[in-house]
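For the sequence shown, my numbering assigns the number 217 to the initial residue and increments by one for each residue that follows.
As structure tokens, the structure follows; a few thoughts come after it.
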Amino acid sequence: KDVFQFTKSANAEEFAKLNQCVGEGKGLIDQAIALEPQELRTAASLDASKLSDTQLALNNEIFKTFESARSYKSALLVQEMRAAEMDGRTADRDRLRVEADAAKAKFQELSDVVKKMQAEVDGRAAAKEEAAKPENQKNTNANK
217 KDVFQFTKSA NAEEFAKLNQ CVGEGKGLID QAIALEPQEL RTAASLDASK
267 LSDTQLALNN EIFKTFESAR SYKSALLVQE MRAAEMDGRT ADRDRLRVEA
317 DAAKAKFQEL SDVVKKMQAE VDGRAAAKEE AAKPENQKNT NANK
């Protein structure tokens with residue numbers, strides 16, 4: 217694995233702007249994540265096959281929104297970690313690395329659920345399409 221060391225810009229305004237943007241971004245993302253519905257907190261145990269088409273579509277839409285929020289949180293924590301490294305704050309860098317890894321794991325967990333739900337949607341659509349085919353087309357491949 218490549219190892220990079222981030223260095224502080226010679227321009228103090230650029231570094232201050234980085235910290236300001238990260239701080240504002242984290243604040244906004246934390247507000248968004250605070251709005252997560254309870255079903256997101258237990259998403260890993262969700263069985264998409266037991267949901268109706270309507271429930272599946274609604275959950276998929278909601279989960280994708282918060283999947284993005286979790287991804288942004290992880291990315292902003294990485295940027296904050298880099299800023300701490302540039303500023304020589306090793307303890308903060310290490311703490312933020314742990315936080316970023318945890319945020320990435322939460323994002324990945326939700327992303328896996330979203331992928332499972334999308335696979336269920338796709339599978340149902342394919343089954344409906346197959347069921348709608350005339351009987352002679354369904355057996356075409358079986359006779360070859």
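Every residue gets a Cβ at the ideal spot worked out from N, C-alpha and C, and that includes glycine.
The model shown is predicted, which means the values in this text are computed figures rather than measured ones.
Starting from the Cα of residue i, find the closest Cα among the options and give me that residue.
| i | options | result |
| --- | --- | --- |
| Gln271 | Glu336, Glu345, Lys349 | Glu336 |
| Ser287 | Glu296, Ala260, Arg313, Lys320 | Lys320 |
| Gln324 | Asp308, Ser290, Val294 | Ser290 |
| Pro253 | Leu326, Ala342, Ala318 | Leu326 |
| Phe282 | Glu301, Arg309, Asp328 | Asp328 |
| Phe222 | Asp317, Thr306, Leu262 | Thr306 |
Measure the alpha-carbon distance for residue i versus residue j and round it to whole angstroms.
| i | j | result |
| --- | --- | --- |
| Lys217 | Asp338 | 36 Å |
| Leu234 | Ala299 | 8 Å |
| Val330 | Ala248 | 18 Å |
| Glu229 | Gln236 | 10 Å |
| Ile245 | Ala260 | 21 Å |
| Gln334 | Asn276 | 7 Å |
| Lys322 | Ala343 | 32 Å |
| Asp310 | Ala285 | 23 Å |
| Asp263 | Glu255 | 12 Å |
If you run the structure through DSSP and keep just helix, strand and coil, what is residue i?
| i | result |
| --- | --- |
| Leu267 | coil |
| Asp338 | helix |
| Val314 | helix |
| Thr306 | helix |
| Ser225 | coil |
Am I right that residue i and residue j are in contact with their C-beta atoms under 8 Å? What's the rounded C-beta distance?
| i | j | result |
| --- | --- | --- |
| Val238 | Leu312 | So it is not a contact: roughly 10 Å between Cβ atoms. |
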